[in-house]
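Enquirer: Protein chains in written order, with our numbering: chain A, 26 to 248; chain B, 151 to 929.
Beta carbons are placed, not taken as given, at the ideal position from N, Cα and C, and that holds for glycine.
1) Relative to chain B, which residues along the stretch 219-244 of chain A have a C-beta separation below 7 Å, given in chain order?
2) Do the stretch 849-856 of chain B and the stretch 866-875 of chain B meet, that is, are 3 or more Cβ pairs less than 8 Å apart?
3) So what does DSSP say about residue 743 of chain B, is it helix, strand or coil?
4) Start and end of the alpha helix (DSSP H) containing residue 638 of chain B?
5) Touch check for the stretch 592-603 of chain B and the stretch 632-647 of chain B: three-plus C-beta pairs under 8 Å?
6) Quick one: grab the DSSP three-state call for residue 924 of chain B.
7) What first and last residue would you give for the beta strand (DSSP E) that runs through residue 918 of chain B?
8) Within 8 Å (strictly less), CB to CB, does residue 28 of chain A reach chain B?
9) Buried or exposed: residue 775 of chain B, going by 16 or more other Cβ atoms within 10 Å of its Cβ?
10) Does the separation of the CB atoms of residue 275 of chain B and residue 344 of chain B fall below 8 Å?
11) Give a yes or no on whether the C-beta atoms belonging to residue 100 of chain A and residue 73 of chain A are separated by under 8 Å.
12) Determine whether the Cβ of residue 205 of chain A lies closer than 8 Å to any Cβ atom of chain B.
13) Checking contacts by CB at 8 Å: is residue 169 of chain A closer than that to chain B?
14) Rounded to whole angstroms, what's the CA-CA distance from residue 155 of chain B to residue 224 of chain B? Just pull it up for me.
15) I'd like to know whether the C-beta of residue 211 of chain A is nearer than 8 Å to at least one C-beta of chain B.
16) Cβ closer than 7 Å: which chain A residues qualify as neighbours of residue 901 of chain B?
17) Can you tell which of B/341, B/323, B/439, B/272 has the C-alpha that lies nearest to the C-alpha of residue 404 of chain B?
18) Rounded to whole angstroms, what's the CA-CA distance from residue 118 of chain A to residue 102 of chain A? Just pull it up for me.
19) Just checking my contact of residue 617 of chain B with residue 699 of chain B at CB under 8 Å: how many whole Å lie between their CB atoms?
20) What span of residues does the beta strand (DSSP E) with residue 251 of chain B cover, start to end?
21) Smallest Cα separation from residue 803 of chain B: which of B/879, B/440, B/794, B/838?
22) Excluding the 5 residues flanking residue 124 of chain A on each side, which residues of the same chain have their C-beta closer than 6 Å to its C-beta?
23) Using a beta-carbon distance below 8 Å, is residue 214 of chain A in contact with chain B?
24) Does residue 213 of chain A come out as helix, strand or coil in the three-state DSSP assignment?
25) Residue 495 of chain B to residue 485 of chain B, Cα distance in whole Å?
26) Following the continuous beta strand (DSSP E) through residue 760 of chain B, name the residue where it begins and the one where it ends.
27) Taking only the alpha-carbon atoms, compute the straight-line gap between residue 687 of chain B and residue 739 of chain B and give it to the nearest angstrom.
28) Return the residue from the list B/533, B/298, B/242, B/336 that minimises the CA-CA distance to residue 452 of chain B.
29) Expressed to the nearest angstrom, what Euclidean distance is found between the alpha-carbon atoms of residue 346 of chain B and residue 402 of chain B?
30) Contact between the stretch 629-642 of chain B and the stretch 662-672 of chain B is defined here as three or more beta-carbon pairs at a separation below 8 Å; is this criterion met?
31) Under 8 Å between C-beta atoms, does residue 882 of chain B make it to chain A?
32) Helix, strand or coil: which one does DSSP assign to residue 318 of chain B?
33) List the DSSP bridge partners of residue 837 of chain B.
34) Closest Cβ-Cβ distance between residue 828 of chain B and chain A: below 8 Å?
35) When the Cβ atoms of the stretch 242-252 of chain B are set against those of the stretch 182-196 of chain B, are three or more pairs found closer than 8 Å?
36) Any residues in the stretch 909-924 of chain B with a beta carbon nearer than 8 Å to a beta carbon of chain A? Which ones, in chain order?
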């Protein structure tokens, strides 16, 4: 029946799915959360894991913070910003996938999230787009170029390394201070195009690429 | 029927037939012979048809159930005879075959017609019956005669006949023979020799077309192919234009001698061989002819090429490109001139050439606009003189002008820079309205306006200059009328909405005048009118239309105490008349006329025109002769740069004496200013205000361009939202196309549109679709 709903009205089906799936909270997960949480709740009275707890937690999982898998983890646990895990999504999501020990969590990251990231293109895109919001500083509209570049190096496939370097050189030379969300989102498909057409000889300004890519194209022609 | 009766009858009529068709002596046919022949044939036919038909009769099988008509035997005899007769016609000595053909044909045609009458009995009965029975190979006597001619005289001699005809035509073309008279007899014979076997009355041009027209056209083509090529080589294109025109005229005259069927193919042939084949060479002369201003030669070129419409398109393109290049050249020349002038000036000023990269130069709007117009008018005249004001050429002219007027070395020094032409045109209008020189006109203004892509930019600049004219307060009623005239023209060239803000500015001035009068009335009723300034000229301006005035309007000052009553009074009058409106004061635009009692004794007091800021600076000198910068800044609370701009003219015009002197000292706290005891000037009225450099005038261009960019951006965003609201989901290219079509007041670039889209994405009005090649509207 739900499948039928999905085809008739995917939006509706999605909502139903969300409402119906109620996860039984595993108290063991909550216990783990409590080991890392800040002593004081946030101004809204909610518990959270702060920067210290995050560092410990990641280390206990057997990871470095600069691992791409940690971005997948952040997406999985719906982190609002770098170094923050909120209690609700943390407990709910780990309970849902039935991971109630550090070992199980570590295995889940290694065998599920990291694997999916390298194999499932759509999933990668989702994590990539999530990352912009994740690294955006509070009260800022855009991500500083420096930060964006750091995360691109971390995330974007090794195959696009040369193209990314050229693009970053362009950003530096033309003194671009920040990257908008749209520019961030479009960089990934752009690098793909650029990788396939290394002189961008088929690049067409009248297509929907952001103006930043147009400028890059001009810059590339000039240099 | 016995053969003897037939033979006898034939023997009796044969000599007459010979005479009728024409014998060697060209004997005349008498009416006796005519009637006798007719009777003999009648007798034979009627007598014979009363007998039993014989197997030798022509046509009709036994048992067809109809009455047997006789005549076939005579018909057969005649047919044989005609062959014999035609084959034995003798060419005279010294006679060409063509002459022989024409001479015998003319006689034979008369003879055939007569014979047809004489043998009419056969026609009426036997032939009609046979044809009625479906025997299409039986003809009436006249047709039989003509067919015989075709078979035994024409076809058999076709080669020599045609070659002689073509030789004649060739001779005519080479001017060796004047008249074509005889030739037309031969040519017309071909028309009569074509038959439609089903309907002998119907004209059939098969012989004319196949045997004559085809080779005529081929010959014509070959002749002119050779001639035109040699002619162009020897005498050049310009002479060829005359020659070709003349040839076409001659050949079309020849059509009188030919069948009308040839009109089309001959036209096509001539067009191809004389025009199309040489179109490239002919068109290549356009540029040199334009260079040499040989407009009647160009008219001839157009007249000739016009015969083949497809040769005109490249001509149009060439013409358009030429005008555009001329426009660009004219502007480039002006630019070099201006740069040279600038260089000279800068050398004069400081004795050494400036090494600034890319010499800056001021563009005189009038010279610039008139340079553009000169090119336009020149080629407008060419379109009239050479192209009969043809619509396509008018369009080519307009396109070319639109291009170089908006994009040229002065307007767009860099590829993607925004065109400065609208700005300069607004400046031109300003100069025209202020200085009223005789060599500037509204027509010139409107001509260029028509070509301007970015009408928005013009409007913003126009308002900026207008605000200065209106604030100058020197506008006479005649000036006002001139202003109105232009606004009317702009409105009708664009839309009502386009001139809304401009019109509102005039309304503001009108309303201000009324408010000024109301203020005057009010203070007169006050117990002590002297507490107020009596001659107040308020300007109440709407910030939307007067944006330029409002830039930097926050420059403030402590109002001299004597003006405070006036300010408060006016504010209260205004608020009671327009409650709910917010009134902001723009002090840096205010001017004051002061009566200064510092003349030499016995002389009348001076009238100083000063800015409000200058008044505030001067006011403390009523109490003290010397004041320091620190004291003056404290008394006026003016920002330092504003203070400096306002005090400079007072020092320069020697009303205040600065100590220590020098530009650098002017804002040092301990520098002092002393007011002169007695001011000297040749004039009673002294204007100190005009020397004040408004701080915003430096950034005027930047500010105005920002305002324009904001307008463009706003219009783009609104258009995009409108499209997306209707479409919900739309591909990038479709969206940009639709937006291009919607916006006619300026030409957005690809980057402009994309920027607006990106802003809308950022503001979450739009989102990219999953493929990234289109957008979704988020409501």
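Expert: Quick look at the numbers:
1) Listed by position along the chain: 230, 231, 232, 233, 235, 236, 239.
2) Result no; under three Cβ-Cβ pairs closer than 8 Å.
3) Counting from 1 along the second chain, the entry for residue 743 of chain B is found at position 593. Note: residue 743 of chain B maps to strand in three-state DSSP.
4) Here residue 638 of chain B refers to the residue found at position 488 of the second chain. Looking at the DSSP string, the run of the alpha helix (DSSP H) that includes residue 638 of chain B is 627-643.
5) Taking 8 Å as the limit for Cβ pairs, the verdict is that the stretch 632-647 of chain B does touch the stretch 592-603 of chain B.
6) Translated into the one-based positions of the second chain, residue 924 of chain B becomes position 774. Per DSSP, reduced to three states, the secondary structure at residue 924 of chain B is strand.
7) What you label residue 918 of chain B is simply residue 768 of the second chain in a count that begins at 1. Start and end: 916-918.
8) One-based indexing of the first chain puts residue 28 of chain A at position 3. Residue confidence is low: residue 28 of chain A scores 45 on pLDDT, short of 50, so the model does not pin down where it sits. Its coordinate-derived value is still stated next. Interface residue (Cβ-Cβ distance to chain B less than 8 Å): residue 28 of chain A is not classified as such.
9) The sequence position of residue 775 of chain B within the second chain is 625, counting from 1. Its Cβ having fewer than 16 others within 10 Å, residue 775 of chain B is exposed.
10) Numbered from its first residue, the second chain carries residue 275 of chain B at position 125. Numbered from its first residue, the second chain carries residue 344 of chain B at position 194. Against a cut-off of 8 Å, the Cβ pair of residue 344 of chain B and residue 275 of chain B comes out as no contact.
11) The residue given as residue 100 of chain A occupies position 75 in the first chain. The residue given as residue 73 of chain A occupies position 48 in the first chain. Contact flag unset, no.
12) Position 180 of the first chain, counting from 1, holds the residue named residue 205 of chain A. With 8 Å as the cut-off, residue 205 of chain A counts as an interface residue toward chain B.
13) For the purposes of this step, residue 169 of chain A is identified with residue 144 of the first chain, where counting begins at 1. So, not an interface residue.
14) Here residue 155 of chain B refers to the residue found at position 5 of the second chain. Here residue 224 of chain B refers to the residue found at position 74 of the second chain. Approximately 11 Å between the Cα atoms of the pair.
15) Taking the first residue of the first chain as position 1, residue 211 of chain A is located at position 186. Output row for residue 211 of chain A: interface = yes.
16) For the purposes of this step, residue 901 of chain B is identified with residue 751 of the second chain, where counting begins at 1. Listed by position along chain A, the residues whose Cβ is nearer than 7 Å to that of residue 901 of chain B are 236, 239.
17) The count along the second chain starts at 1 and reaches residue 404 of chain B at position 254. Nearest neighbour of residue 404 of chain B by Cα position, chosen from B/341, B/323, B/439, B/272, turns out to be B/323.
18) What you label residue 118 of chain A is simply residue 93 of the first chain in a count that begins at 1. What you label residue 102 of chain A is simply residue 77 of the first chain in a count that begins at 1. A direct Cα-to-Cα measurement between residue 118 of chain A and residue 102 of chain A gives close to 6 Å.
19) Locating residue 617 of chain B in the second chain gives position 467, where the first residue counts as 1. Locating residue 699 of chain B in the second chain gives position 549, where the first residue counts as 1. With a Cβ gap of about 5 Å, residue 617 of chain B and residue 699 of chain B count as contacting.
20) The sequence position of residue 251 of chain B within the second chain is 101, counting from 1. Looking at the DSSP string, residue 251 of chain B is not in any beta strand (DSSP E); the run it does join, the alpha helix (DSSP H), is 247-268.
21) Counting from one through the second chain, the residue named residue 803 of chain B turns up at place 653. The shortest Cα separation from residue 803 of chain B among B/879, B/440, B/794, B/838 belongs to B/838.
22) Within the first chain, the letter at position 99 stands for residue 124 of chain A. Counting only Cβ-Cβ distances below 6 Å, and skipping sequence neighbours, we find 130, 133.
23) In the first chain, residue 214 of chain A corresponds to position 189, counting from 1. Chain B, which has a Cβ nearer than 8 Å to the Cβ of residue 214 of chain A, makes this yes.
24) Position 188 of the first chain holds residue 213 of chain A. The answer is helix: DSSP assigns residue 213 of chain A an H, G or I state.
25) Stepping through the second chain from its first residue, residue 495 of chain B is reached at position 345. Stepping through the second chain from its first residue, residue 485 of chain B is reached at position 335. Rounded to whole angstroms, residue 495 of chain B to residue 485 of chain B spans 15 Å at the Cα level.
26) Your numbering for residue 760 of chain B matches position 610 in the second chain. Here the beta strand (DSSP E) through residue 760 of chain B covers 756-761.
27) Here residue 687 of chain B refers to the residue found at position 537 of the second chain. Here residue 739 of chain B refers to the residue found at position 589 of the second chain. One C-alpha to the other measures close to 12 Å.
28) Stepping through the second chain from its first residue, residue 452 of chain B is reached at position 302. With distances taken between Cα atoms, residue 452 of chain B lies closest to B/533.
29) Counting from one through the second chain, the residue named residue 346 of chain B turns up at place 196. Counting from one through the second chain, the residue named residue 402 of chain B turns up at place 252. Roughly 29 Å between the two C-alpha positions.
30) Contact between the stretch 629-642 of chain B and the stretch 662-672 of chain B is absent: fewer than three C-beta pairs spanning the two stretches fall below 8 Å.
31) By 1-based counting over the second chain, the position of residue 882 of chain B is 732. Interface residue, yes.
32) Locating residue 318 of chain B in the second chain gives position 168, counting from the first residue. Assignment of residue 318 of chain B by DSSP, reduced to helix, strand and coil, places it in the helix class.
33) By 1-based counting over the second chain, the position of residue 837 of chain B is 687. According to DSSP, which records beta bridges pairwise, residue 837 of chain B is partnered with B/759.
34) Numbered from its first residue, the second chain carries residue 828 of chain B at position 678. No, residue 828 of chain B lies away from the interface with chain A (no Cβ there is under 8 Å from its Cβ).
35) Flag = no, the stretch 242-252 of chain B and the stretch 182-196 of chain B do not touch.
36) Taking 8 Å as the Cβ-Cβ cut-off against chain A, the residues of the stretch 909-924 of chain B that qualify are 911, 912, 918, 922, 923, 924.
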